[in-house]
Amino acid sequence: MPSGAKEVSKLNDIEREQNAVGTMVELTSVFEGIASMKIARIKNQVLQATKFFNDLWAIYTQLRVDSLFRFGRGKDDKDIIDKELYIIITAEGGFSGDIDQKLMHWMLKSYKPEKNDILVIGHHGAVLLAQKGISFKKYFKLPEKDQNINPEPIVKYVMQYKNTVVFYQQYISLMVQDIKRIELSTAVANISEKSGDNEEVISEANYIFEPSTYAVVGHLERSMLKIALSQLILDSKLAQYASRFRAMSASHQAADEQLDEVKLRYSRSKRAVKDERLKEIINGLRKTKLATGGS
Amino acid sequence: MSAEEKPDKKLKKAAKEESDANFLNVKIYSPFKVYFDGPAKSVSAENDTGPFDILPRHHNFMTLLNAGEITVRKEDGEQKYRISRGVMHVRDNKAAIFLDV
């Protein structure tokens with residue numbers, strides 16, 4: 644193949660590569676945008692739900708100022724499983740960077756099969772556990788929706804156990820996400836941001852309860868468990884979106900740099916093709932000149 | 031001049047207090063949405079005992095709401111909300127209705 648034709652073929656290759664990298668830049672930019680939009684939406688929802696929870700918590704603490712949190716079981720502690728339930732909240736797919744592996748590694752450090760049962764939220768966590776040959780009690784899909792999460796089936800499990808610890812991912816900033824572990828009864832208290840100047844005690848002496856005090860207290864505890872779990876799931880989703888955003892930002896930057904480099908190679912190649920053609924023209928002219936006697 | 035204004039202010043205050051006493055503040059909300067927040071003449075819902083009304087100056091009250099309708103009666107008409115479940119808390123002429131809990 645003549646050298647000119649070779650250069651043209653190389654130029655076409657580089658052009659194709661440039662288009663492919665250009666598409667990659669656009670794609671990563673779109674994914675980055677989607678992740679940042681979802682982050683803004685969930686952050687807003689977490690704030691809204693916190694206000695609702697604070698109001699409910701203020702009422703609950705006035706009701707039960709001197710008592711322990713009983714996971715909505717009322718006074719009936721008879722059939723409680725004497726184990727600690729581990730709930731691990733992971734991503735549904737594998738696009739959340741290495742944060743799931745970190746969380747899993749951390750949970751397994753303290754996991755003892757005779758003392759703990761595991762409940763997994765998110766398909767990725769279930770896959771990671773299966774790969775390690777560790778059995779788990781139940782797997783739940785990570786809710787697709789960011790609103791009206793219904794953790795009722797999870798709460799049913801929580802109520803059967805003596806205690807529950809949740810391993811989840813926490814959003815700190817767009818660039819920083821952390822892994823956390825929290826006892827669920829503490830989580831309920833923490834989410835309330837200690838809102839209460841609980842000056843007034845709610846009791847049967849100054850309130851009418853329907854259907855009964857225990858029914859109301861038990862229902863409130865279950866409700867707060869549900870809200871606390873929803874908040875932890877939302878927090879994890881927020882951290883996963885941020886982690887994805889970070890990964891997409893890095894890919895976007897890498898693709899941008901690659902595009903610049905390909906563009907430079909393309910320009911150089913194009914220049915080389917032009918130079919080659921110019922050389923051929925000059926050589927041709929020279930030959931013609933020599934053939935006609937060089938006047 | 032200010033001495034003349036004082037009784038007028040007192041009258042206005044008394045009138046406002048009397049008017050406020052005819053209303054109670056109602057807030058109906060879920061974790062992600064506020065459905066109603068304002069003064070109302072009464073609010074009606076249903077619990078295990080049956081349908082009930084909450085009027086201004088109601089006694090402190092806490093109940094679990096059944097699925098059904100909540101009716102808020104305002105000065106200019108009434109508004110209805112369909113609910114699946116909820117908790118109602120009444121104190122100091124304020125009724126807070128927590129939905130989806």
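First to last, the protein sequences are chains A and B. Just so we're aligned, residue 644 is where the first sequence starts under my numbering, counting upward by one. Just so we're aligned, residue 31 is where the second sequence starts under my numbering, counting upward by one. For every residue, glycine included, the Cβ atom is placed at its ideal position computed from N, Cα and C. Because the structure is a prediction, the values reported are computed rather than measured.
query	result
Alpha-carbon to alpha-carbon, Leu-875 (chain A) and Thr-693 (chain A)	12 Å
Cβ neighbour criterion (16 or more within 10 Å) applied to Thr-671 (chain A)	buried
Residues that DSSP places opposite Met-118 (chain B) in a beta bridge	B:Thr-93 and B:Ile-127
Residue closest to Tyr-754 (chain A), alpha-carbon to alpha-carbon, out of A:Met-802, A:Phe-779, A:Ser-816 and A:Thr-666	A:Phe-779
C-alpha gap between Ser-74 (chain B) and Val-131 (chain B), whole angstroms	18 Å
CB contact below 9 Å: Ser-60 (chain B) versus chain A	yes
Separation of His-89 (chain B) from Asp-122 (chain B), as counted between CA atoms	8 Å
For Glu-853 (chain A) and Phe-82 (chain B), the rounded distance between their alpha carbons	11 Å
Strand pairing of Gly-861 (chain A), partner residues [DSSP]	DSSP, once it has assigned bridges, lists no residue as partnering Gly-861 (chain A).
Limits of the beta strand (DSSP E) - the one that Ile-724 (chain A) falls within	724-732
Contacts of Tyr-811 (chain A) in chain B (Cβ-Cβ under 8 Å)	The premise fails here: Tyr-811 (chain A) is roughly 18 Å from chain B at the closest Cβ pair, so nothing lies under 8 Å.
Partners in chain B for Asp-698 (chain A), counting only beta-carbon separations shorter than 9 Å	Lys-57, Tyr-59, His-119, Ala-126 and Phe-128
Distance, Ile-822 (chain A) Cα to Ala-893 (chain A) Cα	21 Å
Listed by chain order, chain A residues near Asn-123 (chain B) by CB distance under 7 Å	Simply none; closest approach about 15 Å.
Helix, strand or coil at Tyr-884 (chain A) [DSSP, three-state]	helix
Ala-70 (chain B) versus Glu-108 (chain B) - alpha carbon distance	9 Å
C-beta neighbour in chain A for Lys-104 (chain B), strict 9 Å	no
Start-to-end residues for the alpha helix (DSSP H) that takes in Gly-98 (chain B)	Here Gly-98 (chain B) belongs to no alpha helix (DSSP H); instead the beta strand (DSSP E) covers 98-104.
Spatial distance of Leu-933 (chain A) from Gly-927 (chain A) (CA atoms)	10 Å
Length of the line joining the Cα atoms of Arg-889 (chain A) and Phe-674 (chain A)	11 Å
Close Cβ partners of Tyr-782 (chain A) (< 6 Å) along its chain, the five nearest in sequence each way excluded	Val-763 and Ala-769
Span separating the alpha-carbon of Ile-792 (chain A) from that of Tyr-703 (chain A)	22 Å
Cβ of Leu-863 (chain A) within 9 Å of any chain B Cβ	yes
Supposed contact pair Ile-724 (chain A) and Gln-803 (chain A) - C-beta distance, whole angstroms, cut 8 Å	5 Å
Val-708 (chain A) at chain B interface by Cβ criterion, 9 Å	Residue placement at Val-708 (chain A) is flagged as unreliable, the pLDDT there being 43, under the threshold of 50; a coordinate-derived value is accordingly withheld.
Asn-849 (chain A) at chain B interface by Cβ criterion, 9 Å	yes
Environment of Arg-914 (chain A) [buried if 16+ CB atoms lie within 10 Å]	exposed
Collapsed DSSP secondary structure at Ala-75 (chain B) in the structure displayed	strand
Cβ shell of Ile-685 (chain A) (< 8 Å), same chain only, five flanking positions each side left out	Asp-789, Leu-877, Lys-880, Leu-881 and Tyr-884
Cross-chain neighbours of Asn-96 (chain B) in chain A, by beta carbon under 8 Å	Here the premise fails: no neighbours, minimum Cβ distance about 10 Å.
Residue range of the beta strand (DSSP E) that includes Ala-70 (chain B)	63-70
DSSP three-state assignment for Gly-80 (chain B), whether helix, strand or coil	strand
Under 7 Å by beta carbon: chain A residues contacting Asp-78 (chain B)	Glu-853 and Pro-854
Every unbroken beta strand (DSSP E) inside the segment 731-787 of chain A [3 residues or more]	759-764 and 781-783
Residue-chain proximity (Phe-91 (chain B), chain A), Cβ-Cβ < 9 Å	yes
Simplified DSSP state of Asn-926 (chain A), which is helix, strand or coil	helix
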